[in-house]
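Trainee: Submitted below is the structure of interest, expressed as structure tokens.
Listed below in structure tokens is the structure:
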């Protein structure tokens, strides 16, 4: 076996240096009043969790999991639509992490257990290939993801896929939800770590109006552990200097203008629409729906008769008591929520923070409280 | 609410919390510890009955895999190795005999069945096991997917090795690279890029385990094969049953670069992926070098490594030191799903 190549983005020595810098840059803050920064991307939380970064951060820095991943913020009525189409006998394909996300009553996994034809795909191209292989059958791709994956969906629709291929869009758009968080009363967020892959499409310039409006710095960061720590360090520097501007800490991927061609494809196919994000808020322009020119591909229009019988919107049990929004704004901990650990568990989640394997509530549930790890070598 | 238990879902067969709950509430509800018997209450790799100064170890496994043929093996090899390994994990390294039950779908190709038979025979020859009895059923087309195999096996253990003998300070050894089987099958099933370099590790471990037991004797405190749920589930179970914690070092985990690449691509943690030719051993610290040397001297254990150690706390938990920080390793519930975000 060849020796694994040490990745330069995964050098623990450099990570320690960045962690020391973070401690220095936040030394003027305290454990009771830590610098609060938010990331707005499931991939960031995933990397933070996978590399155990949270346990290594100084207590004077608090990293809040933002609106989570696009799958977790997919609202129950959107899942209900996919379940209704699957129950009606249509083939429904989706990304793996969407399978267990609960609708008002059932998830796609539950529908599959009852005999519905639900398939897991790794990407939209795989869904198109499956549709092409069975031309007689309508094939619905339940599309989730932020602008990164929405571009992939758009590109496929622009390439004239087989006529039996339809899209049920649950795509979401990040910039508007940052506005929501910034405008939440009592919000404690003093800086945002923006997602590098989304910014590769939109360009980092997209955050400039936001920074101008709210006076909160934004750093665009990559997803390797060193990228993330460098992003936090840049935020800590900006916060300490009282500077509100956009810093691109992921220049190997992100430019100010972004990928123009991808933006053209995205907006040729999708238009922004307001919609509920699970457990967070109604986000104006936060959802991406298919434009009228693609009505023939839009599962919502094509199968409107089937969806008319789906569960009425807004009936997710106890969703009104869910405090995900407050947890995301940094003004509540999971244990402050009446549902936490009782009516809301990983097996039966109510809000986005319990759906995601990296959500704040899910992590607290796994750890039995605040995520601290104390190792003791031997019994006394 | 989601996750209704009135219907069986795929997660109920995935070996995790959902399956444990199903078995405990449905079948093991009356099971109590009995002297001289390791039974359903223990939920160990197999059962054992004391006969004089020896233990008769008994285990059974059903095998469903899609596709039935995959790089590095097939369902036949898997069926023999699964049962031989379950016996070996309890200390029965010389299988007395196996049973083989086939359930076939109408229309299954005879030449495919011959391939399965050939690998069953090859795996038996490798492990010194014999098929002594069997059964064959055929179901209608569409009533099952191709082929299901069940194997059961018997063997004697002079010293029974359980999965609950861990003490703080014990070394945790892994007999080789992790994640190979599960990712090879997943990559093959979905025709993933980069998947061609992956091969299942499916292999009979009784010879390797016999070598370790000869070198370590009573210092081998516990053994388990990290099949479904991977190293994560096996260690969580061992830690929970033993009332200790386990601290793993990520840098010490043997993972092939090709496995790591596909795992990163899919967003799947190799610690959660099934292995079919690896064992985890908890060894008292004094005998660790001897056991590790014995493992590495065996062809199936060349890449054996010390991947961590037992600690007093946190009890029942597995902690991974990533080199950057520490995190909990949590066993998966249900099938592993690639992530989009």
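Residue numbers (this note's numbering), protein chains in the order written: chain A, 1 to 380; chain B, 1 to 341.
We treat Cβ as the ideally placed atom computed from N, Cα and C, and that holds for glycine.
#1: Listing by chain order, which chain A residues have their CB less than 9 Å from the CB of residue 319 of chain B?
#2: With 16 other CB atoms within 10 Å as the buried threshold, where does residue 171 of chain A fall?
#3: Just mark residue 34 of chain A as buried or exposed, buried being the case when its beta carbon has 16 or more other beta carbons within 10 Å.
#4: If the cut-off is 7 Å on Cβ atoms, which residues from the segment 112-137 of chain A count as contacting chain B, listed in chain order?
#5: Kindly list the residues whose CB is nearer than 7 Å to the CB of residue 291 of chain A, restricted to its own chain and excluding five residues on each side of it in sequence; keep chain order.
#6: Starting from residue 326 of chain B, follow its DSSP beta bridges and name the residues at the other end.
#7: Which residues in the same chain as residue 6 of chain A place their Cβ atom closer than 6 Å to its Cβ, once the five residues preceding and following it in sequence are excluded?
#8: If we ignore side chains and look at the alpha-carbon of each, how far apart do residue 319 of chain A and residue 341 of chain A end up?
#9: Which of helix, strand or coil does DSSP assign to residue 364 of chain A?
#10: Output needed in chain order: residues of the segment 293-313 of chain B with a Cβ under 8 Å from some Cβ in chain A.
#11: Is residue 26 of chain B close to chain A, meaning its C-beta is less than 9 Å from at least one C-beta of that chain?
#12: What does the alpha-carbon distance come out to for the pair residue 45 of chain B and residue 258 of chain B?
#13: Mind listing which residues of the segment 214-246 of chain A have their C-beta closer than 7 Å to chain B's C-betas, in chain order?
#14: Pair every Cβ in the segment 26-42 of chain B with every Cβ in the segment 76-88 of chain B, then say whether three or more of these pairs are closer than 8 Å.
#15: With 9 Å set as the bound, which would you pick, yes or no: does the beta-carbon of residue 198 of chain B sit closer than that to a beta-carbon of chain A?
#16: Please list the partners that residue 109 of chain A has in chain B, where partner means a Cβ-to-Cβ separation under 7 Å.
#17: Would you kindly work out how many angstroms separate the C-alpha atoms of residue 314 of chain A and residue 76 of chain A, rounded to a whole number?
#18: Which ranges does the beta strand (DSSP E) cover as unbroken runs of at least 3 residues, wholly within the segment 62-141 of chain B, from first to last along the chain?
#19: In terms of alpha-carbon separation, which member of A:187, A:111, A:88 lies closest to residue 351 of chain B?
#20: Measuring alpha carbon to alpha carbon, tell me which residue in A:201, A:182, A:204 is nearest residue 213 of chain A.
#21: Going along chain B, which residues have a C-beta under 7 Å from residue 366 of chain A?
#22: For residue 224 of chain B, name the three-state secondary structure that DSSP assigns.
#23: Taking the alpha carbon of residue 192 of chain B as the point to measure from, which residue in A:13, A:254, A:122 has its own alpha carbon closest?
#24: Please list the partners that residue 462 of chain A has in chain B, where partner means a Cβ-to-Cβ separation under 9 Å.
#25: For residue 389 of chain A, name the three-state secondary structure that DSSP assigns.
#26: Could one say the Cβ of residue 142 of chain B lies closer than 9 Å to chain A's Cβ atoms, at least one of them?
#27: Under a three-way DSSP split, which group does residue 64 of chain A fall into?
#28: Taking 9 Å as the CB-CB cut-off, is residue 20 of chain B touching chain A?
#29: Using CA coordinates, which residue listed in A:229, A:219, A:154, A:147 is at the minimum distance from residue 17 of chain A?
#30: Roughly how many angstroms lie between the CA atoms of residue 354 of chain A and residue 247 of chain B, to the nearest whole one?
#31: Taking Cβ to Cβ, would you say residue 283 of chain B is nearer than 9 Å to residue 219 of chain B?
#32: Between the beta-carbon of residue 182 of chain B and the beta-carbon of residue 273 of chain B, is there less than 9 Å?
#33: At the level of alpha carbons, what is the spacing between residue 40 of chain B and residue 19 of chain B?
#34: Please list the segments of the alpha helix (DSSP H) lying wholly inside the segment 182-252 of chain A, counting only runs of 4 or more residues, in order along the chain.
#35: On a CA-only basis, which of B:165, B:299, B:104, B:297 is nearest residue 138 of chain B? Give me that one, please.
#36: Hey, is residue 16 of chain B's beta-carbon within less than 9 Å of any beta-carbon in chain A?
Mentor: Reading it off the structure:
#1: 52, 373, 375
#2: buried
#3: buried
#4: 113, 114, 120, 122
#5: 269, 270, 271
#6: B:321
#7: The pLDDT assigned to residue 6 of chain A is 48, lower than 50, so where the model puts this residue is not dependable; a value taken from the coordinates is nonetheless given after this. Excluding residues within five positions, none has a Cβ falling inside 6 Å.
#8: 15 Å
#9: helix
#10: 303, 311, 312, 313
#11: no
#12: 30 Å
#13: 225
#14: no
#15: no
#16: 9
#17: Note that residue 314 of chain A scores a pLDDT of 48, beneath 50, so its modelled location is shaky and nothing firm can be said.
#18: 95-105, 131-139
#19: Outside the displayed range of chain B (1 to 341) lies residue 351 of chain B, so it cannot be described from this structure.
#20: A:182
#21: 328, 330
#22: strand
#23: A:122
#24: Chain A is shown only over 1 to 380; residue 462 of chain A falls outside these bounds and no answer can be derived.
#25: An answer regarding residue 389 of chain A cannot be provided, because it is not within the stretch 1 to 380 covered by chain A.
#26: no
#27: strand
#28: no
#29: A:229
#30: 26 Å
#31: yes
#32: yes
#33: 14 Å
#34: 196-202, 208-214, 225-241
#35: B:104
#36: no
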